[in-house]
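These notes are about the structure you will find just below.
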Amino acid sequence: MIDAFRRYLREHGLPVTAPRLAVADVVLGSDRHLSVDEIERALAARGAAPGTATVYRTLDLLVRSGLAVERDFGEGFRRYEPARGEPQHEHLLCTTCGTVIEFRDERLERMTTLIAEDHRFARQRHRLVIYGVCERCQRGERN
């Protein structure tokens with residue numbers, strides 16, 4: 660996916676820089692929903708330290724390119740994940756540790772379609788976030 664980001668930058672006449680590629684590598688190589696703070700910590704652990712403005716601008720480019728997805732779970736900040744072209748999925752968000760769990764349920768898909776049809780609504784998409792406490796936090800363990 661890094662090559663696709665390089666291509667996107669070149670096609671749009673934007674410089675391909677080491678800081679942009681470092682941010683892209685962290686986000687596109689993750690299997691989690693990362694906050695800007697988590698991205699910056701991952702970059703620091705790798706010895707890279709682009710400024711916060713560079714991180715935000717690069718995230719904007721990743722989202723505009725279609726390579727990453729921005730998520731707002733109502734926590735006061737956004738999270739980013741690679742765009743994998745997967746079908747619609749939902750999220751469980753632990754309000755204690757911030758863990759995000761993805762799930763897909765055909766029953767939910769059918770239900771949202773039926774609700775839209777009942778209201779003569781041309782459904783395009785939906786978003787569901789279930790807030791609660793994950794199993795580890797319920798046991799007193801921290802993620």
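For the sequence shown, this note's numbering gives the first residue as 660, with consecutive numbering after it.
Using N, Cα and C, we set each Cβ at its ideal position, and we do this for glycine too.
Buried/exposed call for residue i, threshold 16 Cβ in 10 Å
i      : result
ALA683 : buried
ALA712 : exposed
VAL675 : exposed
THR772 : exposed
ALA703 : exposed
ILE789 : exposed
ILE774 : exposed
ARG699 : According to the sequence as given, residue 699 is Glu; it is not Arg. Looking at its Cβ environment, which holds 16 or more other Cβ atoms inside 10 Å, GLU699 is buried.
LEU814 : Past the edges of the chain, shown from 660 to 802, lies residue 814, and the structure says nothing about it.
Of the listed residues the options, nearest to residue i (C-alpha basis)
i      : options                        : result
THR755 : VAL792, LEU668, ARG679         : VAL792
PRO741 : HIS692, ARG786, LEU773, LEU720 : HIS692
ILE661 : LEU721, VAL728, LEU752         : LEU721
GLY799 : ALA775, CYS753, ARG669         : CYS753
ARG743 : ALA677, SER689, GLU765         : SER689
GLY757 : LEU668, ASP719, GLU794         : GLU794
ASP764 : ASP719, GLU697, LEU668, PRO746 : PRO746
ARG786 : PHE732, PHE736, HIS778         : PHE732
ARG723 : ARG766, ARG737, PHE664, GLU697 : PHE664
For residue i, the residue or residues it bridges with in DSSP
i      : result
PRO741 : ALA727
ILE789 : LEU751
SER694 : ARG738
Cut-off 6 Å between Cβ atoms - residues of its own chain near residue i, not counting five sequence neighbours on either side
i      : result
ILE760 : LEU751
THR717 : ARG679, VAL682
GLU749 : PHE762, LEU787
Own chain, CB closer than 7 Å to residue i, minus 5 neighbours either side, in chain order
i      : result
GLY725 : ALA742
SER694 : PHE736, ARG738
Next on the checklist: Could you tell me which whole beta strand (DSSP E) segments of length 3 or greater appear in the region 746-778?
Outcome noted: 749-753, 759-762
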